[in-house]
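Under the working numbering, the residues of the sequence shown are numbered 25 to 531, in order. Worksheet: the structure to be examined is printed underneath.
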Amino acid sequence: MQKEIPELIGIGMINVDYIARLPTHRTSLPAAFELGSDRVARDDEILYAIEQMQPYHPKLSPGGSALNAVTAAVSTNANIRVGAVGVCGQPEKENDFDFRSWFRLLDIDDRFVSYTTDHPGTCLSYSLNDERSMLTWPGANRELDDYIGQSHSKLLDYLSGTRIVHIAGSANGVAPDRLAELIRELKERCPAITISCDPGAIWARPDRPESAEKILRMSDIVFLNAREFDTLAMRLPNMSDADAGRYAMQRYGAKHAMFVLKRYDRVGLFSLVARELLVKLYSNSEVLEPQDVVDDTGAGDVFAGGVLSALLLPGMEFHDAIDLGLRMARRKLKFEGMLEPALFQNDFRDFLANVVDQSRRLTLEPSPPRIFIAHGHDRQWLEVKDFLERLGLRPSYFESTPVAGHSVNDILASQALNSSFAVIVATAEDASTTGQSSPRPNVIHEMGLMQGRLGFQKVAVLLEESCEAFSNIAGLQVIRFPRQRIKQAFYELRGVLERERILGPSQ
């Protein structure tokens with residue numbers, strides 16, 4: 025019987041990881057090693073490096089950023105189906121890592137893993153005095169883009185049935201031209217599928233292949249560590265995270281993209297809303313002491329796997345996803361490689377208990393009414409958002425909801441269901457056939473959806489002067505305001521909210 029298509033599919037390198045932790049009394053590395061490096065190595069370099077590390081008894085583990093992420097996701101025991109796309113080489117020794125058995129053990133769908141007789145990709149991770157260095161040799165992973173090209177049609181059908189595709193930057197020395205074309209066609213065929221990308225050090229560099237940059241631009245979620253964030257944003261001295269994030273988002277971000285910056289003590293979420301940068305910070309409530317960190321290889325991959333897992337679960341919001349990602353990343357720091365993934369079940373169980381506890385508290389304590397805001401590109405809608413927040417209300421808008429695996433209509437329908445009132449910010453933006461200006465098409469669409477769900481009395485249209493009154497505005501409450509003077513509509517809007525008992529008269 026044909027297996028179901030996974031909900032989360034990772035595309036990237038499949039490696040055998042050698043993980044070595046040098047004793048703290050060492051003050052230097054063997055010749056030809058570089059402290060703090062993360063680079064591609066030649067085959068003779070990697071063999072020499074592994075030989076030099078043998079006295080420190082390196083552990084063998086499955087590796088590759090995308091594989092680590094889906095391994096973490098499936099190991100939560102949250103009934104999330106995952107799959108991997110890649111090229112897996114044949115180990116030379118019988119006691120080397122057995123990937124087929126690993127995939128079967130964890131129930132990772134490997135129907136699009138190509139098993140070859142070439143040597144598998146190899147990564148050596150070595151730590152000295154709490155600083156990690158990595159050497160990567162691509163091995164069989166050099167065939168990845170060719171394999172994607174050969175399997176293009178079947179892969180496109182396969183990916184079309186998933187909810188999230190997670191792509192990891194490949195240090196295989198090959199431009200991901202066929203992968204970029206595959207993702208372009210997938211976005212055209214299934215725009216609701218979320219594309220997640222972890223560019224890694226290689227794709228974050230300015231000299232990244234053009235096709236890697238195309239993948240970045242098509243991604244809905246981009247995961248970055250501090251070094252990758254600085255490199256991608258071409259960060260200058262004294263530049264703030266916000267300024268660096270704005271540059272990166274404007275240059276690479278898709279329309280509704282989110283950049284997720286993971287630092288050791290916090291996570292930053294960057295998104296562009298109506299051309300304005302929104303930054304949300306989430307603190308890491310439990311920063312491990314250096315002596316408590318066993319191995320930080322793959323911790324960022326596990327964080328991404330945790331975030332994506334939560335986004336696939338019903339009822340979870342992005343702050344929930346960040347929480348799960350941080351819990352699992354902390355767990356990963358406490359064991360070597362990916363050899364104890366079953367421990368992630370504990371983190372998911374604790375996370376779920378916390379979410380349930382918070383939901384019960386919210387049920388007991390009535391929350392303020394939720395007000396949906398429909399808006400175009402004009403930044404005046406942010407003034408409406410601030411006004412509603414000052415009144416103690418909860419503004420909601422399209423960008424405030426995670427988009428992972430959901431269509432635009434699904435998101436809007438959910439927001440309509442959970443809103444008590446809607447404010448339509450109809451600003452003059454597009455030229456109409458009459459010579460006047462009209463609101464953006466999405467504003468008109470969202471207005472009709474909210475009117476159908478809430479009724480005429482629960483929708484207020486703030487209509488800017490010189491903005492044409494569109495056909496389906498009849499019967500709705502219209503509050504006009506002068507160009508770029510939306511605050512002049514607030515007094516009347518407050519009166520409507522009081523009349524509809526969204527606000528009490530004394531508020």
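C-beta: ideal position from N, C-alpha, C; glycine also. Keep in mind it's a predicted model, so treat the numbers as computed, not measured.
| query | result |
| --- | --- |
| Less than 6 angstroms between C-beta atoms, sequence neighbours within five positions excluded: which residues of the same chain meet that for GLY88? | GLY36, MET37, ILE38, ASN39 |
| Name the one or two DSSP bridge partners that PHE445 has. | ILE395 |
| May I ask which residues mark the beginning and end of the beta strand (DSSP E) holding HIS176? | Counting along the chain, HIS176 falls outside any beta strand (DSSP E), though it belongs to the alpha helix (DSSP H) covering 176–183. |
| Could you check the C-alpha separation between GLN404 and GLU489 for me, to the nearest Å? | 14 angstroms |
| Roughly how many whole angstroms lie between the Cα atoms of MET158 and ALA225? | 11 angstroms |
| Name the DSSP beta bridge partners of LEU302, please? | SER295 |
| To the nearest angstrom, how far is it from the Cα of ALA353 to the Cα of GLY292? | 15 angstroms |
| Assuming SER85 contacts CYS112 (C-beta within less than 8 angstroms), just tell me the rounded distance between them. | Wrong, their Cβ atoms sit about 14 angstroms apart, outside the cutoff. |
| Taking PRO506 and SER444 to be in contact with their CB atoms under 8 angstroms, please state how far apart those CB atoms are, rounded to whole angstroms. | With 8 angstroms as the limit, PRO506 and SER444 do not qualify as a contact, their Cβ atoms being about 28 angstroms apart. |
| Among LEU337, GLN481, ASP181, which residue has its Cα nearest to the Cα of LEU517? | GLN481 |
| Among ARG156, ASP142, LEU412, ASN308, which has the Cα closest to the Cα of ARG290? | ASN308 |
| Apply the 10 Å Cβ neighbour rule to SER438 and answer buried if 16 or more other Cβ atoms are within range, or exposed otherwise. | exposed |
| Are the region 259–266 and the region 231–247 touching by the rule of at least three beta carbon pairs closer than 8 angstroms? | no |
| Quick check on the burial criterion: 16 or more other C-beta atoms within 10 angstroms. Buried or exposed for PRO200? | buried |
| Looking only at DSSP bridge pairs, what is THR146 linked to? | VAL40, TRP161 |
| Is the beta carbon of GLY107 less than 7 angstroms from the beta carbon of PRO230? | no |
| Within 10 angstroms of its Cβ, does LEU475 collect 16 or more other Cβ (buried), or is it exposed? | Here residue 475 is Gln; the residue named in the question, Leu, does not match the sequence. Buried, by the Cβ-count rule. |
| ALA250 to ASN165, Cα distance in whole Å? | 26 angstroms |
| With 16 other CB atoms within 10 Å as the buried threshold, where does ASN103 fall? | exposed |
| Helix, strand or coil for ALA513, going by three-state DSSP, please let me know. | helix |
| Within 10 angstroms of its Cβ, does GLU360 collect 16 or more other Cβ (buried), or is it exposed? | buried |
| Taking the alpha carbon of GLY163 as the point to measure from, which residue in ASP67, ARG525, ALA513 has its own alpha carbon closest? | ASP67 |
| Are the beta-carbon atoms belonging to ALA93 and GLY324 less than 7 angstroms from one another? | no |
| When we look at the beta-carbon of GLY479 and count the other beta-carbons within 10 Å, is it buried (16 or more) or exposed? | exposed |
| Mind checking LEU129: buried by the 16 CB within 10 Å criterion, or exposed? | exposed |
| So, for ALA493: in the same chain, excluding its five sequence neighbours on each side, which residues have a beta-carbon less than 8 angstroms away from its beta-carbon? | LEU487, VAL502 |
| How is the alpha helix (DSSP H) around GLY472 delimited, first residue to last? | 465–478 |
| Cα separation between LEU179 and ASP122? | 24 angstroms |
| Since ASP222 is in the beta strand (DSSP E), which residue starts that stretch and which ends it? | 218–222 |
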